[in-house]
Structures are given as C-alpha cells and as structure tokens.
Amino acid sequence: MSLLSVRGLRAGYGLVEVLFGIDLEVDEGELVVVLGSNGAGKTTTLRAVSGMIEAQGEILFDGQRMNGKRPDQFLAAGIAHVPQGRGTITDLTVEENLRIGAWTRKDGEVAADIDRWYETFPRLGERREQLAGSMSGGEQQMLAIARAFMSRPRLLLLDEPSLGLAPLVTAEVVDRLRSVTAETGAAVLLVEQNADLALGFAGRAYVLEAGTIALSGAAADLKGDEQVRRAYLGF
Amino acid sequence: MNNFLQVLVVGIGDGAVYAMLGLGLVVIYRSTGLLNFAQGELAMFSTFITWTIWEVGVPLPLAVLGGMVGGFLVGALLHQVAVRPLGDPHLRPLATVIVTIGLFLAVNGAAQLIWGTLDKDFPKLFGEGQITLGGVAIAWQKIGAVLVLALMVLGFWFLFQRTKIGLAMRAVASNSESSALVGVPVPRLLMLGWGLAAAVGTVAGVFTAPGLGLGSNLMQLTLIFGFAAITLGGFDSPLGAVVGGMVVGIMTSVLPQYLPIFSKMRLAPAFLLILLVLLFRPQGLFGRKQVERV
Ligand SMILES: Nc1ncnc2c1ncn2[C@@H]1O[C@H](COP(=O)(O)OP(=O)(O)O)[C@@H](O)[C@H]1O
Ligand SMILES: [Mg+2]
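Chains as they are written, first to last, in this note's numbering: chain S, 1388 to 1622; chain Y, 2 to 295.
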C-alpha cells in the first residue's frame, strides 16, 4: 500500500478551479517529482495534500482518510510542507526556526535533533543566532528543509526549492536533501519547473499540465524519451 | 531645580503608566502586526471589573488580580467573536483595524450600560503616602508604578524569549502561514495575545483611575500617550514601550512648565512626537526595520 494515495483530487480558489482530478501515489521512502510549467497547479496540489486548502476527491495517508482535517492534523500524521518561497520565519533566528519546527513534538529529543541538523547543514550551525531573514536564499532553503524535518515527517512536500537560487546552490540543496532522505527514510514529493534537476533527483515523475496529469513514469524513462522531452519538459 | 525634579518625578510616574498600556499594544502588534485601537477601552473595562471586586470588600491587590483575569477573559472573548471571524489578520489588516475601532465604541458603551456614567472614586494601589528625597516628594504610588512596570517587562521578556508559547507568538507575528504549516494553532495564539494585552491594560487602568476618576473615558488620553510611546520606542519593542513611555511622560509633565502654550494643549507634544518619529525614524528607537524576504 502506498504511503500517500491521491485519487481524483479537485481543488481551486473560490470559483476558480485549478485541479481537475489528479491521481498520484508516493510509496514509503520514495522520491517523486511533479513537473509542470508556471500556473499548472503544482503549488495548489501540495497545498491540498498538506490540508492548507479544501479539496474534493480522496487523500489517503498511510491508509487514513485525510480530507477535511486541519493542517496540524496533516502534520501530526507525518506530512511536512516546505512552501514555495521557502517560508522561513524571517524575524526568528535559525535556531528558533528549528525549535518552532518541533512545535508538535512532546518528546525530549528536540535539542539533540537540532544538533543533528547542524551537523547535516554545517552552515546553519555556524549561523544559529542569526536572523533567518538575513541569510542567503540557499541557506534559507536549507533551513526550511531542516525545519520541516524537525517534525519527523514520513513525507516531505517540497515546493520549487530551485526558485531564485543559482544552479550551483540548487545542486547543493538537492544534494543535501538526498542524503537527508537516505538518512531519515522519509519520502519526498517534490514539485519543480526545473525538469533536468528534478528528474536527476526523483525515481518517479508526473507531468502536470493545466490541472491534470498529462504523463507519468519512471524518471529515467521520461528523461531519456526524446518526444516527451520536447513536448513537455522543454530541454 | 527642585521644581524641575518634582515635575520630572511626576513625569516618570505618568510615563510608567503609558508604558504599561504601550506594552499591551506591543503584544498585539507582535502577534498580528497591527495596532489595537480598543486597547484603552479594554483596560478601562477591566479596571471597572477590578473596582467591582474591590467594592464588595476584597483587598485591592487581589481585586487587581481578579480584574486582570477578567480582562484576559474579555479580551480573549472579543477576539473570538469579533476578530477571529474575519480570518487571518495578516491577510486582512484594514478590516481588522476597523473592527478594533468598532470594539472601542462597543466596549465603551457596554461599560456605561453596566456601571453608569458617573465617575467612581478609585483607591491608590500603593496608598497615599510619599517619601521626600532631597526636597523632592515622591509618592509611593509613583514608585509602585515603576516597580510594577519593571515586573511586567521582566514577565514579557521571559514569555517572549524563554517560553515555547512566546516563541510561537513571535513566529505567528512574523509569518502566520509558515507557523500554521509547522502546526502552530494560529487563532488560539492570537486569542492568547488579546487576552494578555487586556490583562496588562488592567494594570495601566488601575494606575490611571485614582487621578482621573473611573469613568468610561478613563483611558482615552492615555491611549494617545501610549501610541506616542510605542511610536517613539518602536511598535514591536517592549523595551521601546518603556523608554518611549518615559519620554512621553516626562515631556508632557515638564514641557508645560517652561512653555505655557502646552499647558492648554496637553496632547500637542504627543502628536508632535508621533509626527516627527514617523517622518524621520518610522521604525522608532528600538523597533526592528522590516527584514526583506529573500
Ligand atoms: N491564492 C490564489 N487565489 C486565486 N487563484 C490562485 C491562487 N493561487 C494560485 N491561483 C491560480 O491557480 C493556478 C495554479 O496556480 P499554482 O498552483 O500556484 O501553479 P504552479 O505552482 O504550478 O505555478 C494559477 O492559474 C493561479 O493563478
Ligand atoms: Mg507554484
């Protein structure tokens, strides 16, 4: 059984419909990417899957029906969401961002976890007392990811981490993300416009076009297929 | 010289009260990024609650605690019924500010309905006594106000810097959407902020009432001075509220002694100060400049 199973997902804003029945699956520990151009509905998909907006259709997580639950219940179930634009809390320090990431936890291992993320992301460790808003885009993206992992998620939703980052910085972020997922065993549902980058990271991919899934398959197959590349991926 | 010291002492005592009200404003600003125009009226209302408890024979310090609890409940309740239904105040700032102005009128009307329109005598928390230092008389009430203010600042510092709830309140103020994403119950924290601000306001009211008499207009001047205080100190800075409160208190007490025009226009220095700060240093003395989001 899949960790996340989405069936016939429909969502929008007021009268504007954005998603017209999306099916997607993410297995335990799997790295999955949803590709799509600007306005395709990637962000809306993630918002539905973290409970930030209402959605029709079915969202099953670990066999449990999530429709109609609050965002904090999605989080408690094990879904963490790094929003587009990173969503670091700019007026808090690096360390405070990590502490607030552990808001839902009641165990006594929060401090130990923070130290562990400082080891994984040494640049955060060097800047623990610095205000998040004063850090570079790449550092903030790493902070956002580390903060999301503070809730010990089983599924990380990650919205366009490459946005506004230089290619080298993006590569470093993705690199770190790969080692973090290997270490924690968390699954990732990544949405991206940058197909080249994302297909190198994920094992499986969906292509979202105007609110419907146009295509899906193994990342390697999509990457290798001339026709697919030209029609959907633009590289 | 003695005369100057005397008005200075009076100014510091008044300033402590402006700072208390300013602290309540800062609490709301720090959780919503907005000014609460109903802050003074909430303080007035909970001062009436204090008075009612005291009237039935409870010692004043206990009555003040009761008034703070009452103020907390009223503040939290008003948030739930009048502010929360608007949705996230960060997304609807104008609507929220207008609701606080509506609450200003509503709370004022409610106080007149419940307690009538005649001013009540209100006792001094620290009594009528005074000490004389180098020829300058200092009322215990003024010393008490400064001490209570110091306690409140310590309390807030502890809350915001040392507790998980305080951290969450700061997180909500900075970025409510991200805070919700990590599971912080945003509306509940905003409710807590309203309750706390009202509870703090109670103390400001308790120190204002003996001089002015307790009526439904008790805090309206003080609110303007409180606004001036946090404009000078910085809307988001508890320390700024204190320093700003002191400066405003001293200014309004000392200036009329030397420039008679201000004795007829007590509010003028405060407005002048607000104007100058907004023109030349909009973030105030201790306020944080808006950090750009990358
Ligand atoms: N808050 C919103 N209110 C109304 N329409 C929105 C909102 N957010 C996004 N949309 C619209 O929904 C569509 C999909 O947006 P989005 O999911 O952000 O796409 P993507 O993330 O793939 O760029 C776009 O047409 C966009 O204009
Ligand atoms: Mg998007």
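In this text, a Cβ means the ideal position worked out from N, Cα and C, and glycines have one as well.
Is any non-hydrogen atom of ligand 2 found closer than 7 Å to the C-beta of residue i, if you look at the structure I gave you?
{"i": "Gln1471 (chain S)", "result": "yes"}
{"i": "Lys1429 (chain S)", "result": "yes"}
{"i": "Glu1445 (chain S)", "result": "no"}
{"i": "Glu1596 (chain S)", "result": "no"}
{"i": "Asp1546 (chain S)", "result": "yes"}
Helix or strand or just coil, what does DSSP make of residue i?
{"i": "Asp1612 (chain S)", "result": "coil"}
{"i": "Lys121 (chain Y)", "result": "strand"}
{"i": "Glu1559 (chain S)", "result": "helix"}
{"i": "Thr1592 (chain S)", "result": "Just to set this straight, residue 1592 (chain S) is Ala in the shown sequence, not Thr. Reduced to three states, the DSSP call for Ala1592 (chain S) is strand."}
{"i": "Ala1597 (chain S)", "result": "coil"}
{"i": "Val295 (chain Y)", "result": "Because Val295 (chain Y) carries a pLDDT of 33, less than 50, the predicted location of this residue cannot be relied on, and the following value inherits that uncertainty. Coil, per DSSP."}
{"i": "Thr203 (chain Y)", "result": "helix"}
{"i": "Leu1406 (chain S)", "result": "strand"}
{"i": "Glu1506 (chain S)", "result": "helix"}
{"i": "Asp1546 (chain S)", "result": "strand"}
{"i": "Phe1461 (chain S)", "result": "helix"}
{"i": "Ile1466 (chain S)", "result": "strand"}
{"i": "Ala1573 (chain S)", "result": "coil"}
{"i": "Thr1432 (chain S)", "result": "helix"}
{"i": "Arg1394 (chain S)", "result": "strand"}
{"i": "Gly145 (chain Y)", "result": "helix"}
As a quick exercise: from the options, pick the residue whose alpha carbon is nearest that of residue i.
{"i": "Gly135 (chain Y)", "options": "Y:Gly288, Y:Pro188, Y:Leu6", "result": "Y:Leu6"}
{"i": "Leu215 (chain Y)", "options": "Y:Leu256, Y:Asn109, Y:Gly25, Y:Asn4", "result": "Y:Asn109"}
{"i": "Leu26 (chain Y)", "options": "Y:Gly202, Y:Gln142, Y:Leu152, Y:Ala107", "result": "Y:Gly202"}
{"i": "Lys1493 (chain S)", "options": "S:Leu1418, S:Arg1539, S:Gln1527, S:Gln1517", "result": "S:Arg1539"}
{"i": "Asp1510 (chain S)", "options": "S:Glu1526, S:Leu1595, S:Ala1601", "result": "Checking the sequence shown, residue 1510 (chain S) turns out to be Arg, not Asp. That would be S:Glu1526, whose Cα lies nearest to the Cα of Arg1510 (chain S)."}
{"i": "Ala1573 (chain S)", "options": "S:Val1594, S:Gly1611, S:Met1537, S:Asp1583", "result": "S:Met1537"}
{"i": "Leu119 (chain Y)", "options": "Y:Phe49, Y:Val57, Y:Thr133", "result": "Y:Phe49"}
{"i": "Val28 (chain Y)", "options": "Y:Phe263, Y:Ser238, Y:Gln258, Y:Thr51", "result": "Y:Ser238"}
{"i": "Pro1470 (chain S)", "options": "S:Glu1596, S:Ala1606, S:Arg1534", "result": "S:Arg1534"}
{"i": "Gly245 (chain Y)", "options": "Y:Asn37, Y:Ala200, Y:His80, Y:Phe228", "result": "Y:Phe228"}
{"i": "Ala17 (chain Y)", "options": "Y:Glu56, Y:Arg189, Y:Gly250", "result": "Y:Gly250"}
{"i": "Asp1382 (chain S)", "options": "S:Arg1565, S:Leu1390, S:Phe1508", "result": "No statement about residue 1382 (chain S) is possible, as the shown extent of chain S runs from 1388 to 1622 and does not include it."}
{"i": "Arg1486 (chain S)", "options": "S:Ala1519, S:Ile1466, S:Ala1464", "result": "S:Ala1519"}
{"i": "Leu1462 (chain S)", "options": "S:Gly1438, S:Gly1551, S:Glu1483, S:Gly1472", "result": "S:Gly1438"}
{"i": "Phe272 (chain Y)", "options": "Y:Val243, Y:Pro62, Y:Ile102, Y:Leu224", "result": "Y:Leu224"}
{"i": "Ala1553 (chain S)", "options": "S:Gly1524, S:Gly1416, S:Leu1418", "result": "S:Gly1524"}
{"i": "Arg1473 (chain S)", "options": "Y:Asn176, Y:Ile132, Y:Trp158, Y:Leu148", "result": "Y:Asn176"}
{"i": "Thr97 (chain Y)", "options": "Y:Met170, Y:Asn3, Y:Asn37", "result": "Y:Asn37"}
{"i": "Val1356 (chain S)", "options": "S:Trp1490, S:Gln1517, S:Gly1611, S:Asp1546", "result": "Because chain S here runs from 1388 to 1622, residue 1356 (chain S) falls outside it and cannot be looked at."}
{"i": "Gly12 (chain Y)", "options": "Y:Gln284, Y:Val243, Y:Gln81", "result": "Y:Val243"}
Check whether the Cβ of residue i sits closer than 7 Å to any heavy atom of ligand 1, and report yes or no.
{"i": "Asn1425 (chain S)", "result": "yes"}
{"i": "Leu1593 (chain S)", "result": "Rather than Leu, the amino acid found at residue 1593 (chain S) in this sequence is Tyr. No, the Cβ of Tyr1593 (chain S) stays beyond 7 Å of every heavy atom of ligand 1."}
{"i": "Tyr1400 (chain S)", "result": "yes"}
{"i": "Val100 (chain Y)", "result": "no"}
{"i": "Val1405 (chain S)", "result": "yes"}
Using beta-carbon positions only, say whether residue i and residue j come within less than 8 Å of one another.
{"i": "Met21 (chain Y)", "j": "Leu219 (chain Y)", "result": "no"}
{"i": "Pro86 (chain Y)", "j": "Leu35 (chain Y)", "result": "no"}
{"i": "Pro60 (chain Y)", "j": "Phe123 (chain Y)", "result": "no"}
{"i": "Leu191 (chain Y)", "j": "Val204 (chain Y)", "result": "no"}
{"i": "Leu1595 (chain S)", "j": "Gly1408 (chain S)", "result": "no"}
{"i": "Ser32 (chain Y)", "j": "Gly235 (chain Y)", "result": "no"}
{"i": "Leu1530 (chain S)", "j": "Thr1477 (chain S)", "result": "no"}
{"i": "Arg1515 (chain S)", "j": "Thr1480 (chain S)", "result": "yes"}
{"i": "Leu1564 (chain S)", "j": "Ile1532 (chain S)", "result": "yes"}
{"i": "Phe263 (chain Y)", "j": "Leu274 (chain Y)", "result": "no"}
{"i": "Arg1397 (chain S)", "j": "Gln1460 (chain S)", "result": "no"}
{"i": "Val278 (chain Y)", "j": "Thr209 (chain Y)", "result": "no"}
{"i": "Leu78 (chain Y)", "j": "Leu104 (chain Y)", "result": "no"}
{"i": "Ala1589 (chain S)", "j": "Ala1606 (chain S)", "result": "yes"}
{"i": "Ala39 (chain Y)", "j": "Thr101 (chain Y)", "result": "yes"}
{"i": "Ala1582 (chain S)", "j": "Leu1422 (chain S)", "result": "yes"}
Would you check if the segment 1578 to 1585 of chain S and the segment 1424 to 1433 of chain S touch, i.e. whether three or more CB-CB distances between them fall below 8 Å?
-> yes
Count the C-beta pairs between the segment 1559 to 1566 of chain S and the segment 1442 to 1449 of chain S that are closer than 8 Å, then say yes if the count reaches three, no if not.
-> Not touching, per the Cβ criterion.
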